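The working numbering numbers the first residue of the sequence shown as 14 and each following residue consecutively.
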Amino acid sequence: MKILICITHGNIGGATNSVFWLAKGLKERGIKVKVGFGEGEYLKEKLEKEKIDFVNFKWLKRTHNPLSNLFFIFEIKNFLDKEKFDVCHFNSTNALFGAIGAKFSKSKPKTIFTFHGLSILDPNYKKDWHLKFIYWLVFKFLLFFVDIPVFVSKNNLEIAKKLKLVKKGRVIYNGIPEPEFLEREIARKFFEEKTKIDLKDKFLIGSIGRLDYQKNYEFLIKIFPEILKIRKNAILIIVGEGQERKKLEKLIEEKNLKEKIFLIGEIKDASKYLKAFDLFVLPSRYEGLSITLIEALFAKIPILASDVGGNKEIVGENCVFKSEKEFLEKLKDYRLPKTEKKIFSLKNMIEGYLKIYQSL
């Protein structure tokens, strides 16, 4: 069996890591695998280190340009005419256009598409309904070329059914390798160096994620004055980078919270510092199944996450919130998630996909 796994870009992110871990796990099980993507040194370096074959597609880009997507369809068709695969597994919206090329290639491989979230189609994504309808039409058309759609959470599958995007689909939870965490004091020392403040007696709230619309960090900044009424010694550290940095910095300044909230940028292997946090918060507007949230579960630290996507499936009812009021109430009595972490093991994810590949 020979598998081609495609993702739009190889930049750092949850879906990128999932693709890498899946490819690595398949190779270790004796499956021939190749990874296809556009730009991105992060994934390239990881694949080269593990000696996993890969191919860069010139026209595979994160774009709304129909010409780029059309050129990618022909590019992957020509590639598949020359190199035969049994299964093509696509992992992001622009990569999904490749399913057309796959079905029109000489070898006509079976196709799988994994929804790593519903993005614009998610009910919590506030966009003009005209744009949502266009996206729905595009997905509906592209899914015609997909043999099996896969979702990373039960929540996402149920929403997709309600939207009549799919009639049925499989659910395979994202899995992660057992993380290596730094001890609490060492991790806190790292953040002390980053923030230039003494964290000894501080209640450290932390989050890891992109500074963008989806991750909704403005929620935490706006309610932080209320958080301070409950936890007077609270400090918020957000690890990550993104297009909303300036907007968030302005909000922090307007609320006079520059000594309380720190945007410390992107950090390599950020999850190893999770034990520094007294509470991990993920306030996303929408999610598929958050890798960072799974890592926080593995770190055995208290968690509060918005009740969207698969968050509840990761941390359980007691660790999710639906509103500002509920968040503040649960902040008074935060808890450790009780979910069995083995559900989100890398072994389970790899074996789940392998069963699908072998069934085609």
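Where a beta carbon is used, it is the ideal one built from N, C-alpha and C, also for glycine. Everything numeric in this text was worked out from a predicted model, so none of it was measured.
key: Collapsed DSSP secondary structure at A36 in the structure displayed   = Three-state DSSP puts A36 in a helix.
key: Cα-Cα separation between K74 and K263, rounded to whole angstroms   = So the alpha carbons of these two residues sit roughly 31 Å apart.
query = Unbroken beta strand (DSSP E) runs of length 3 or more, entirely within the region 63-131: which are they?
reply = 66-69, 100-103, 123-128, all fully within the region 63-131.
ask   = Taking three-plus beta-carbon pairs below 8 Å as touching, is the region 321-334 in contact with the region 291-302?
value = In the pairwise beta carbon analysis, the region 321-334 is classified as touching the region 291-302: at least three pairs are separated by under 8 Å.
ask   = How many whole angstroms separate the CB atoms of L217 and I250, which I take to be in contact at a CB cut-off of 8 Å?
value = Confirmed, Cβ separation roughly 7 Å.
key: Where I125 falls, given that 16 or more other Cβ within 10 Å makes a residue buried   = I125 is buried by the Cβ-count criterion.
Proximity below 9 Å, CB of F334 to CB of D320 = Against a cut-off of 9 Å, the Cβ pair of D320 and F334 comes out as a contact.
message = Would V159 and L109 qualify as a contact pair, given that the criterion is a beta-carbon distance under 9 Å?
response = Yes.
inquiry  = Let me confirm a value: Q371 is counted as buried when at least 16 other C-beta atoms fall within 10 Å, else exposed. Which label applies?
reply    = A residue is called buried once 16 or more other Cβ atoms fall within 10 Å of its Cβ, and Q371, having fewer, is exposed.
Exposure label - H77; buried when at least 16 CB within 10 Å = In the assembly as shown, H77 is an exposed residue. Its beta-carbon has fewer than 16 other beta-carbons within 10 Å.
ask   = Exposed or buried, H129, counting other C-beta atoms within 10 Å across all chains shown (16 or more means buried)?
value = With at least 16 other beta carbons inside 10 angstroms of its own, H129 counts as buried.
query = Alpha carbon to alpha carbon, what distance is there between L302 and E339?
reply = Going from the Cα of E339 to the Cα of L302 covers about 22 Å.
inquiry  = Here's the rule: buried if 16 or more other CB atoms are within 10 angstroms of the residue's CB, otherwise exposed. What is S220?
reply    = Buried.
inquiry  = Closest to S132 by C-alpha separation, out of S120, P122, W149, would be which residue?
reply    = Comparing Cα-Cα distances from S132 to each of S120, P122, W149, the minimum goes to W149.
Rounded C-alpha distance that separates N169 from K140 = Cα-Cα distance, rounded: 18 Å.
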